[in-house]
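**Q** Following the numbering used here, the numbering of the sequence shown begins with 11 at its first residue and continues without gaps. Cβ atoms here follow ideal geometry from the backbone N, Cα and C, with glycine treated the same way. Sharing a structure, written as structure tokens. Questions coming.
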Amino acid sequence: MNLKIVVSLLLLFPFQVLAEGRMYTGSSEGHCTEWSNKLLKWPQTSVGREASKCRTRAKKYSDGPVTCRLKKVSIDKETGMKMCLYYRQGRNVSDKTVSISPSLKCQRSFDCKRY
11 MNLKIVVSLL
21 LLFPFQVLAE
31 GRMYTGSSEG
41 HCTEWSNKLL
51 KWPQTSVGRE
61 ASKCRTRAKK
71 YSDGPVTCRL
81 KKVSIDKETG
91 MKMCLYYRQG
101 RNVSDKTVSI
111 SPSLKCQRSF
121 DCKRY
């Protein structure tokens, strides 16, 4: 009985997904981590007369390096070099290929440029 009710509700009210994936980059600068709140001596006061300025800004994570992880190792037949294919972490980025000597091992992971 319960299964019939659930199936009939699903048929009566079909679900439609209206979500959209968006990535927001935000402002060009990171948020402020340290403000200049210097106390002024008398008779000067800092009650609304002097605006505080940002002394130190936070680093934006979207600007820094990303992690590249080893995906596949192959040997190029033409050159005989070992080809290390790395998966670059992130969205809409391509894989990174590094060629090294056949006697060396490929690094398992390292920090690489975002693009």
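Which residue marks the beginning of the beta strand (DSSP E) containing Cys94, and which one marks its end?
**A** Counting from one through the sequence shown, the residue named residue 94 turns up at place 84. Element bounds for Cys94: Lys92 to Arg98.
**Q** So what does Thr43 bridge to, in DSSP terms?
**A** Your numbering for residue 43 matches position 33 in the sequence shown. BP columns for Thr43 are empty, so no partner.
**Q** Would you check if the distance between the CB atom of Leu95 and the CB atom of Lys115 is smaller than 7 Å?
**A** Position 85 of the sequence shown, counted from the start, is the residue given in the question as residue 95. Position 105 of the sequence shown, counted from the start, is the residue given in the question as residue 115. Going by C-beta atoms, Leu95 is not nearer than 7 Å to Lys115.
**Q** Contact check, Arg124 vs Val103 under 8 Å by CB: the rounded distance?
**A** In the sequence shown, counting from the first residue as 1, residue 124 sits at position 114. In the sequence shown, counting from the first residue as 1, residue 103 sits at position 93. Confirmed, Cβ separation roughly 7 Å.
**Q** Is the beta carbon of Ala68 closer than 7 Å to that of Thr43?
**A** By 1-based counting over the sequence shown, the position of residue 43 is 33. By 1-based counting over the sequence shown, the position of residue 68 is 58. Cβ atoms of Thr43 and Ala68: closer than 7 Å.
**Q** Taking buried to mean at least 16 other C-beta atoms within 10 Å of its own C-beta, is Cys78 buried or exposed?
**A** Reading the sequence shown from its first residue, position 68 is the one you call residue 78. So Cys78 counts as buried.
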